[in-house]
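Beneath this line is the structure, given in structure tokens, with notes to follow.
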Amino acid sequence: MRVALLLVRFAAAVIGDDRWREQWEADVVGARELGMSPLGVAVGAVRAVVAMPSKGVAVAGIGPLGIALKHAQTPRGRVLAIAAVSALLLLGGVVLLFA
């Protein structure tokens, strides 16, 4: 249950909306009463965040996150993919630097 609540809080933090956090936490807490897995509900919330279109950003980040945030009007899944690929390339550069 704690892992599910952490996932829901993370998903709500990505969106930046406390309303979603409250709703998703209530869904996780009440999942057992309906015969559902709280972790499954939390994973569904994370999947919803990935599918939601981004509203843009107020402050540009630096590095892989900054590159991803430049594409803030694209779907969140694409932004996460850009951030992941950029982070891997950055990690590869660091490895080559110290190799």
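Everything in the sequence shown is counted per my numbering, starting at 39 for the first residue and increasing by one.
Just so you know, even glycine gets a beta-carbon here, dropped at the ideal spot from N, CA and C.
Small disclaimer: the values here were computed from a predicted structure and weren't measured.
Check	Outcome
To the nearest angstrom, report how far apart Gly131 and Leu118 are at their CA atoms.	20 Å
Taking the alpha carbon of Met39 as the reference point, which residue from Ile53, Met74, Leu135 and Ala51 has its own alpha carbon closest?	Met74
What three-state label does DSSP hand Leu135 in the structure shown?	helix
CB-CB under 6 Å to Ala96, same chain, minus the five flanking residues each way: which ones, in chain order?	Note that Ala96 scores 48 on pLDDT, short of 50, meaning its location in the model is unreliable; the coordinates nonetheless yield the value given after this. Closer than 6 Å at Cβ, skipping near neighbours: no residue.
Given that a residue counts as buried once 16 or more other Cβ atoms are within 10 Å of its Cβ, and exposed if not, what is Leu45?	buried
With Arg57 as the anchor, note down where its alpha helix (DSSP H) starts and where it stops.	Asp56 to Gly68
When we look at the beta-carbon of Val133 and count the other beta-carbons within 10 Å, is it buried (16 or more) or exposed?	exposed
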